[in-house]
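Protein chains in written order, with full-length UniProt numbering: chain A, 1 to 224; chain B, 1 to 224; chain C, 1 to 224; chain D, 1 to 224; chain E, 1 to 224; chain F, 1 to 224. Note that the Cβ used here is the ideal one computed from N, Cα and C, for glycine as well. For reference, the structure discussed in these notes is given below.
Number of protein chains: 6
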Amino acid sequence: MPKFAAGVVRFQQHVFPEKQELFERLSKGQSPEALFITCSDSRIETAMITQTDPGELFICRNAGNIVPPHTDNTGGMTASIEFAVAALRIPHIVICGHTQCGAMTGAMDPGGLEHLPHVRKWLGYAEAAVAIVKDQGDTLTPEAQMRMLLEQNVILQLRHLETHPSVAVRLARGDLRLHGWVYDIEKGTVDAYDAASGAFRTVTDIYAAEVAQYATTCEHGDHR
Amino acid sequence: MPKFAAGVVRFQQHVFPEKQELFERLSKGQSPEALFITCSDSRIETAMITQTDPGELFICRNAGNIVPPHTDNTGGMTASIEFAVAALRIPHIVICGHTQCGAMTGAMDPGGLEHLPHVRKWLGYAEAAVAIVKDQGDTLTPEAQMRMLLEQNVILQLRHLETHPSVAVRLARGDLRLHGWVYDIEKGTVDAYDAASGAFRTVTDIYAAEVAQYATTCEHGDHR
Amino acid sequence: MPKFAAGVVRFQQHVFPEKQELFERLSKGQSPEALFITCSDSRIETAMITQTDPGELFICRNAGNIVPPHTDNTGGMTASIEFAVAALRIPHIVICGHTQCGAMTGAMDPGGLEHLPHVRKWLGYAEAAVAIVKDQGDTLTPEAQMRMLLEQNVILQLRHLETHPSVAVRLARGDLRLHGWVYDIEKGTVDAYDAASGAFRTVTDIYAAEVAQYATTCEHGDHR
Amino acid sequence: MPKFAAGVVRFQQHVFPEKQELFERLSKGQSPEALFITCSDSRIETAMITQTDPGELFICRNAGNIVPPHTDNTGGMTASIEFAVAALRIPHIVICGHTQCGAMTGAMDPGGLEHLPHVRKWLGYAEAAVAIVKDQGDTLTPEAQMRMLLEQNVILQLRHLETHPSVAVRLARGDLRLHGWVYDIEKGTVDAYDAASGAFRTVTDIYAAEVAQYATTCEHGDHR
Amino acid sequence: MPKFAAGVVRFQQHVFPEKQELFERLSKGQSPEALFITCSDSRIETAMITQTDPGELFICRNAGNIVPPHTDNTGGMTASIEFAVAALRIPHIVICGHTQCGAMTGAMDPGGLEHLPHVRKWLGYAEAAVAIVKDQGDTLTPEAQMRMLLEQNVILQLRHLETHPSVAVRLARGDLRLHGWVYDIEKGTVDAYDAASGAFRTVTDIYAAEVAQYATTCEHGDHR
Amino acid sequence: MPKFAAGVVRFQQHVFPEKQELFERLSKGQSPEALFITCSDSRIETAMITQTDPGELFICRNAGNIVPPHTDNTGGMTASIEFAVAALRIPHIVICGHTQCGAMTGAMDPGGLEHLPHVRKWLGYAEAAVAIVKDQGDTLTPEAQMRMLLEQNVILQLRHLETHPSVAVRLARGDLRLHGWVYDIEKGTVDAYDAASGAFRTVTDIYAAEVAQYATTCEHGDHR
Ligand SMILES: [Zn+2]
Ligand SMILES: [Zn+2]
Ligand SMILES: [Zn+2]
Ligand SMILES: [Zn+2]
Ligand SMILES: [Zn+2]
Ligand SMILES: [Zn+2]
């Protein structure tokens, strides 16, 4: 019955042999381009969205794409961020929220989480975003409120990220760049946070330069 | 320079349109087959290893594929497990470790983590596995010790998983199944834990029945 | 009025002199046979139930005979277990629940604990056992549910015990044995957990071999 | 080999039948005279020292007879104290330290606890007592320092006890009495803390009145 | 609009020049006479109440003049007390409560703090004082209850203070003195706790000796 | 000997009577203009620096003028901020560091804090600022490094402040303003953070408009 179990057998028999060379090279070590933090939601396939190969993204996933602020308490996110930023010295961090997010729906309505006490407490890390939406977005439609929350949550988690010493020092040094994304599951589009304007804009717009440059240097290659 | 930024533009322009129907359907909700817990390591591409489509795996990733035992303290793993098991009622949980794991290398030699205090503390959740390897594997080669640790860590995290109330109740009820895997990056193979014998065996062996059944029911389909 | 105060005077004047030799020997150090974890309930007299002398049981007692799972947080149980298992190298651990347990009654009905917030939170460590009873035992009588909870709680605390590194390493080495008991206050009987069958059986049955062996070696002695 | 296993069989076959009446009565409920907090040390047999029967002492035992001060964090001691004082309304609390205490030896020399991190942290609750001994007792012999520590630790844990709301309110009301004891394993004597003088005196001296009263009322009975 | 912003400009242009000598001397280091712990309430001006100059009081202020008891957890109060007592070796500590205290009003009626979850939790450190008032003061007028709470809270925080190792050791050594005050905002009077009698008395009464001595030695000076 | 004790007697006899009217008015309630967060250092007299009267500043003071980021854990700062911002609705928050700060000196050299474990842990909240100074200021003189740390610490604590939900929502609404100051004890000057340029400038410069406005409206008054 579990399809993924049959899948892994298929993978090792049919898929891996074709990629053997890549994996042999990767077994020497990883030097990913980005720490990619996103929701656990099953509809997000990180490799597909970013069109990356194994070895390119160091990935952290939890319900709600939450990043607790830095404190003396250690959790999985704090440790994984420290590993990615201070040990692997990854040059980019992406926090990627998404539409239809069950965690964010719960954050807006904690009453519905009565039987999920840990989810409720974990979503406390989105509390400042929820408070802003309830205060500033009270005249919006539920859909617009949810969109506002997705964006505010990404902005808040970026702010939390900046309280981590390993992140702060590299931001000061100028060799780390933060990205805040919202992925629309239904439309397949991604919007990115533009700190200068304080608003989200399409990735085509935000990354125009990167796309152009990448197109030039990789003109003849197919990277997937 | 960030390839993933160019990738996401490419995704929304060229890849998504072909999958539009799937994503439209997915935007109605998710009912994944498994909660898949694995390391953040960039060389693990969950969709590729399991040959699954978007919508099939609810994914949690952190450095070392750690599952803290259940306590009153809430962290990302505790909350995400509760969400997956008690709210989404997912029928399978996989904990997937892997070879060449930087986190596990650190767990064996905490001295090398002096400048990574949070990583060190997080790997404390693997301490029982490390202690077993140091005690029982002291005559083994470093490679064999590391292999033993990868396996012991997966077994320990499975045990931690069983202390979570949402997991315990569904195990008692018999509608949840746990899987412990070790993925070999270089060879592309996956071994799975066999609780009956207390040892790891090849997935081909462990999942022979599932593969056979799946082959029959899906004879004519290509699921990727 | 406090009888125990008069008792301690009586002890030092009348009882101790007869046992002086034993205590002189014990003042050189302790090497107890078991770490005995049981409820604080006044009706459990550990020395009487186990027919042991001073020096034979290292005893931890708290409301509900709870063993929190191992985490980075330190509490009395975690510290005392570490001391008993890693420093004193005690070869047996018993977790002993009991009938008529006020703590377990509270765990089944947390509503009644409104004015006892710490008791309520502490009993959260029995939450997985309670959840199993509520799910699997919903057609049982209250008495049978309580019995099921007493047993499930002992099983859960044994599982928590196995997450402690000092315990895990000695279990792997094979020189530590765990025992799960339920003591019936009214009948004076003790049932013990049989991991092989997953059920509780009478101690006469479980320890038949030990009793026989002990009877042989100690034929002429009276150990109390 | 485990003597306690043979002992429990012996208990239920030979000892319990003689006490059946007492246990039948006790199965109706407990109303113990004291909450008795002492060390886990195997050489302390609470029933023997206090010459009490089952049903008379609600017992908490941990390494070092520690009582953490009251905070929002819940542990076994905090919960068990709340249960004993607020629910069972027990009229006396005894904190009983003892000579030859391995925990207190560790508290004086934390360097020796390098491989027992949880023990070390737990003994942090005795830190104020240790600091006083190191400062005020620096010209004493090691034996005198240890004696001083045993007493200071009991005094400190009494102070911690007073920070618990359930204890504070009943002390203010005047229906709860605290006792601080040090039990000498080798000599079989107990000294008790006299708050008025700030010193420890023999129990014969401290409880002269109770002994006299008890002797009168129970003249013809044998309570053990 | 912000008056304090205009004030600071005025301070540096007009006030500081007159005190330049004092501040030049102070820039060499501080050796304050007291650690002064009081509420954040805007109506308490510490320098005015104590008629002290810069350099004389090391000041900690939080809502409710709370001192958490010593544990392994570190907070601002625990750290600041350690710094003041162990590093600066300050000879006096004052805990100063006050009338009209919003925090204490909240502590008496936690229901009113529903939207202030952190305030509610913080005031849990006054829980033992509240419990005493509710139990012992139930026949008093609300005003008398509040007065009783202000005093009981100061007494409780003094008790918490004594659990801090740095404080305990210096109290044992006899070179640290604790003071418990309640300041009446409307009347301008201060009452101080008299440990001997367990009651609060006027400062004129409590400090009669200090005032006399100070008057003699400073007869001709004006210290403000 | 304690001058502050003589001072308080002097205050209530000689100083208060002159201010009776103000205090009578204040006893009706407080509506302070700013939440003023500064170091416990004895050389900072908040009323003098800001030329404010009682009732104008709600004051929080701790070693290092630290603001922990918002988490589920409650401490004195988190609670006091919530009280000031969400209950009192104070329109300004100032974080005021200062030269010669013992806490910041300790933060730069944690080795010197070996005997002050809580101070060391508390200063962990300044870790990101220290890391930036050690990385970016490694060629500076010690004095310039310390100055850089004072400023970076204020900036970091402002960032922590923004993670508190009560603060975030009011910033979004636009009715709360944050101020970051460094006070120079020796020179009597205050510099303020200019978020636009990312640098500190003199208060005369930053608050030119406020001073002008205030001068106009209060032309004939003396507010001290
Ligand atoms: Zn989501
Ligand atoms: Zn890994
Ligand atoms: Zn019980
Ligand atoms: Zn002991
Ligand atoms: Zn107040
Ligand atoms: Zn300072």
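Rounded to whole angstroms, what's the CA-CA distance from L26 (chain E) to C101 (chain F)? Just pull it up for me. For this step, residue 26 (chain E) is matched to residue 26 along the fifth sequence. For this step, residue 101 (chain F) is matched to residue 101 along the sixth sequence. Distance between the alpha carbons of L26 (chain E) and C101 (chain F): 12 Å.
Between V190 (chain A) and V203 (chain A), how many whole angstroms is the CB-CB distance? I'm expecting something under 8 Å. What you label residue 190 (chain A) is simply residue 190 of the first sequence in a count that begins at 1. What you label residue 203 (chain A) is simply residue 203 of the first sequence in a count that begins at 1. Yes, they are in contact, since the Cβ atoms of V190 (chain A) and V203 (chain A) sit about 5 Å apart, within 8 Å.
Whose CA, out of B:K134, B:I90, B:L140 and B:P117, lies closest to the CA of V167 (chain B)? Mapped onto the second sequence, residue 167 (chain B) falls at position 167. Checked all of B:K134, B:I90, B:L140 and B:P117; the closest Cα to V167 (chain B) is B:I90.
Along the chain, where does the beta strand (DSSP E) containing H179 (chain E) start, and where does it finish? Reading the fifth sequence from its first residue, position 179 is the one you call residue 179 (chain E). Counted as a single uninterrupted DSSP element, the beta strand (DSSP E) harbouring H179 (chain E) occupies residues R177 to D184.
Is T38 (chain C) near T50 (chain C), with beta carbons less than 8 Å apart? Sequence index remark: in the third sequence, residue 38 (chain C) carries index 38 (1-based). Sequence index remark: in the third sequence, residue 50 (chain C) carries index 50 (1-based). Going by C-beta atoms, T38 (chain C) is not nearer than 8 Å to T50 (chain C).
DSSP bridge partner residues for R201 (chain C) (one or two, in chain order): Counted from its first residue, the third sequence places residue 201 (chain C) at position 201. As DSSP reads the structure, R201 (chain C) sits in a beta bridge with C:A192.
Could you confirm whether any beta carbon from chain B is found closer than 8 Å to the beta carbon of residue 225 (chain C)? Outside the displayed range of chain C (1 to 224) lies residue 225 (chain C), so it cannot be described from this structure.
As an exercise, report each continuous alpha helix (DSSP H) stretch of at least 4 residues that is fully enclosed by the segment 13–91 of chain A, in chain order. Counting whole runs of 4 or more residues, the segment 13–91 of chain A contains the alpha helix (DSSP H) stretches 16–26, 46–50 and 76–82.
Please classify D205 (chain A): is it buried, with 16 or more other beta-carbons within 10 angstroms of its beta-carbon, or exposed? Walking along the first sequence from the start, residue 205 (chain A) turns up at place 205. In summary, D205 (chain A) is exposed, with fewer than 16 beta-carbon neighbours lying within 10 Å of its beta-carbon over all protein chains present.
Buried or exposed by the 16-neighbour rule on C-beta atoms within 10 Å, applied to H220 (chain F): By one-based count along the sixth sequence, residue 220 (chain F) stands at place 220. Confidence is the limiting factor: at H220 (chain F) the pLDDT is only 47, short of 50, which leaves the residue's position unreliable, though a coordinate-based value still follows. Looking at its Cβ environment, which holds fewer than 16 other Cβ atoms inside 10 Å, H220 (chain F) is exposed.
Using beta-carbon positions only, say whether L116 (chain C) and A103 (chain C) come within less than 8 Å of one another. As a working mapping, residue 116 (chain C) is identified with position 116 in the third sequence. As a working mapping, residue 103 (chain C) is identified with position 103 in the third sequence. Here L116 (chain C) is not near A103 (chain C), since their CB atoms are 8 Å or more apart.
G111 (chain C) lies in the alpha helix (DSSP H); which residues open and close that run? Your numbering for residue 111 (chain C) matches position 111 in the third sequence. Here G111 (chain C) belongs to no alpha helix (DSSP H), and DSSP marks it neither H nor E.
May I have the straight-line CA-CA distance separating T2 (chain E) from P32 (chain F), to the nearest angstrom? By 1-based counting over the fifth sequence, the position of residue 2 (chain E) is 2. By 1-based counting over the sixth sequence, the position of residue 32 (chain F) is 32. Note on residue identity: the sequence assigns Pro, not Thr, to residue 2 (chain E). Cα to Cα, P2 (chain E) sits roughly 11 Å from P32 (chain F).
Comparing the C-beta of R43 (chain E) with each C-beta of chain F, is any distance below 8 Å? Within the fifth sequence, the letter at position 43 stands for residue 43 (chain E). True, the Cβ-Cβ gap to chain F drops below 8 Å.
Which of the three DSSP states, helix, strand or coil, is assigned to T105 (chain C)? Position 105 of the third sequence, counted from the start, is the residue given in the question as residue 105 (chain C). The three-state reading of DSSP puts T105 (chain C) in helix, counting H, G and I together.
Quick one: what's got a C-beta closer than 7 Å to I185 (chain A)'s C-beta in the same chain, skipping five residues either side? The count along the first sequence starts at 1 and reaches residue 185 (chain A) at position 185. Listed in chain order, the non-local C-beta contacts of I185 (chain A) below 7 Å within the same chain comprise R43, H98, T99 and Q100, local neighbours out to five positions each way being set aside.
So if I threshold CB-CB distances at 9 Å, which residues from the segment 18–45 of chain A count as touching chain F? In summary, no residue of the segment 18–45 of chain A has a CB separated from any CB of chain F by less than 9 Å.
Any C-beta of chain D under 8 Å from that of I66 (chain E): Reading the fifth sequence from its first residue, position 66 is the one you call residue 66 (chain E). I66 (chain E) does not count as touching chain D.
Candidates A:G29, A:S40, A:C96 and A:D41, of which the one nearest D41 (chain B) by Cα: Against the second sequence, residue 41 (chain B) aligns to sequence position 41. For the residues A:G29, A:S40, A:C96 and A:D41, the minimum Cα distance to D41 (chain B) belongs to A:G29.
Determine the contact status of S80 (chain A) and N153 (chain B), defining contact as a CB-CB distance below 8 Å. Numbered from 1 along the first sequence, position 80 holds the residue referred to as residue 80 (chain A). Numbered from 1 along the second sequence, position 153 holds the residue referred to as residue 153 (chain B). It is not a contact, given that the beta carbons lie outside the stated cut-off.
Cβ-based neighbour list, A107 (chain E), same chain, cut-off 6 Å, excluding 5 preceding and 5 following: Here residue 107 (chain E) corresponds to residue number 107 of the fifth sequence, with the count starting at 1. The residues are L123, A126 and V130.
Roughly how many angstroms lie between the CA atoms of M148 (chain A) and D72 (chain E), to the nearest whole one? As a position in the first sequence, residue 148 (chain A) is number 148, starting the count at 1. As a position in the fifth sequence, residue 72 (chain E) is number 72, starting the count at 1. Spanning the alpha carbons of M148 (chain A) and D72 (chain E) requires a straight line of approximately 40 Å.
Ligand 1 heavy atoms versus the CB of A103 (chain A): any closer than 7 Å? Residue numbering aside, residue 103 (chain A) sits at position 103 when the first sequence is read from its first letter. Set against 7 Å, the gap from the CB of A103 (chain A) to the closest heavy atom of ligand 1 is smaller.
beta-carbon H98 (chain C) near ligand 3 non-hydrogen atom, thresh 7 Å: For the purposes of this step, residue 98 (chain C) is identified with residue 98 of the third sequence, where counting begins at 1. Yes - ligand 3 has a heavy atom lying nearer than 7 Å to the Cβ of H98 (chain C).
Measuring CA to CA, which of C:G198, C:F83 and C:G188 is closest to E21 (chain D)? By one-based count along the fourth sequence, residue 21 (chain D) stands at place 21. E21 (chain D) has its Cα closest to that of C:G188, out of C:G198, C:F83 and C:G188.
Between the C-alpha atoms of T78 (chain E) and H92 (chain E), what's the straight-line distance to the nearest angstrom? To locate residue 78 (chain E), count along the fifth sequence from 1; it is residue 78. To locate residue 92 (chain E), count along the fifth sequence from 1; it is residue 92. Each residue's alpha carbon lies about 16 Å from the other.
For G174 (chain D), the three-state DSSP class (helix, strand or coil): As a working mapping, residue 174 (chain D) is identified with position 174 in the fourth sequence. Residue state, collapsed to three classes: coil.
Exposure of D138 (chain E), with buried meaning 16 or more beta-carbon neighbours within 10 Å: The sequence position of residue 138 (chain E) within the fifth sequence is 138, counting from 1. Exposed, by the Cβ-count rule.
Minimum Cβ-Cβ distance from F4 (chain F) to chain E less than 8 Å: What you label residue 4 (chain F) is simply residue 4 of the sixth sequence in a count that begins at 1. So, interface residue.
Nearest to L113 (chain F) by CA position, among E:L88, E:L57 and E:Q12, is which residue? Start at 1 with the first residue of the sixth sequence, and residue 113 (chain F) comes out as number 113. Here the closest residue by C-alpha is E:L88.
Mind listing which residues of the segment 156–177 of chain B have their C-beta closer than 9 Å to chain C's C-betas, in chain order? From the segment 156–177 of chain B, only L156, R159, H160, E162, T163, H164, P165, S166, V167, A168, V169, R170, L171, A172 and R173 have a Cβ closer than 9 Å to chain C.
Are there any heavy atoms of ligand 2 lying less than 7 Å away from the beta-carbon of C60 (chain B), as far as the coordinates show? Counted from its first residue, the second sequence places residue 60 (chain B) at position 60. C60 (chain B) Cβ: outside cutoff for every heavy atom of ligand 2.
Taking the alpha carbon of D175 (chain A) as the point to measure from, which residue in F:T105, F:F83 and F:D135 has its own alpha carbon closest? Position 175 of the first sequence, counted from the start, is the residue given in the question as residue 175 (chain A). Out of F:T105, F:F83 and F:D135, F:D135 has the C-alpha closest to the C-alpha of D175 (chain A).
Mind listing the chain F neighbours of G124 (chain A)? Cutoff is C-beta to C-beta under 7 Å, in chain order. The residue labelled residue 124 (chain A) in the question sits at position 124 within the first sequence. In chain order: D72.
Taking C-beta pairs closer than 7 Å, name the residues in chain A that A131 (chain F) reaches, listed in chain order. Indexing the sixth sequence from 1 puts residue 131 (chain F) at position 131. Those within 7 Å of A131 (chain F) in chain A are P165, A168 and V169.
Got a sec, what are the start and stop residues for the alpha helix (DSSP H) Q152 (chain E) sits in? Stepping through the fifth sequence from its first residue, residue 152 (chain E) is reached at position 152. Run containing Q152 (chain E): P142 to E162, per the alpha helix (DSSP H) assignment.
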